[in-house]
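What follows is a short report on a single structure.
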Amino acid sequence: MKEETIKEKNMELLARYAKAMGHPTRIEILKFLAKRKECYFGAINDELPIAKATVSQHLKELKTSGLIQGEIEMPKVKYCINKKEWQKAKEVFNDFFSDIEQEKSCCCKKD
Numbered sequence: 337m338k339e340e341t342i343k344e345k346n347m348e349l350l351a352r353y354a355k356a357m358g359h360p361t362r363i364e365i366l367k368f369l370a371k372r373k374e375c376y377f378g379a380i381n382d383e384l385p386i387a388k389a390t391v392s393q394h395l396k397e398l399k400t401s402g403l404i405q406g407e408i409e410m411p412k413v414k415y416c417i418n419k420k421e422w423q424k425a426k427e428v429f430n431d432f433f434s435d436i437e438q439e440k441s442c443c444c445k446k447d
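Going by my numbering, the first residue of the sequence shown is number 337, and it counts up by one from there.
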């Protein structure tokens with residue numbers, strides 16, 4: 337794959353992950369799940385002081401991004417961090433911040 341195509345794909349991934357992580361509740365869910373091997377919906381819902389439907393919506397966004405995965409074990413749903421995507425997210429965020437640091441393109445004066 338061409339280098340430019342890889343960079344474009346990584347920018348798309350970065351945007352997808354950033355969007356998924358763009359809400360404080362989703363950050364709390366990720367932190368909660370990261371401390372556990374797996375967790376059922378009820379435990380996540382008990383941890384957060386919000387409606388079940390709202391928790392479900394946040395889980396859906398995180399699952400769509402690939403950062404978490406869910407598995408149905410009737411009548412419950414079990415969630416966990418998707419380790420492969422988690423690692424990829426770390427890589428694309430690190431690459432993004434490293435590239436910006438190297439460019440030193442800030443035109444603003446420091447206070």
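Using N, Cα and C, we set each Cβ at its ideal position, and we do this for glycine too.
Note that the structure is a prediction, hence the values are computed from the model and not measured.
Under 7 Å from any heavy atom of the ligand ATP, does the C-beta of Gln405 make it?
With respect to the ligand ATP, the structure offers nothing, as it holds no ligand at all.
Cβ-based neighbour list, Leu395, same chain, cut-off 6 Å, excluding 5 preceding and 5 following:
none
Alpha carbon to alpha carbon, how far is Lys373 from Trp422?
Their Cα atoms are separated by approximately 14 Å.
Who does Val413 pair with in a DSSP beta bridge?
DSSP output for Val413 lists Ile408 as bridge partner(s).
From Ile342 to Ile365, what distance separates their C-alpha atoms?
30 Å
Would you kindly work out how many angstroms separate the C-alpha atoms of His359 and Lys345, rounded to a whole number?
Near 23 Å, if we compare the C-alpha coordinates of Lys345 and His359.
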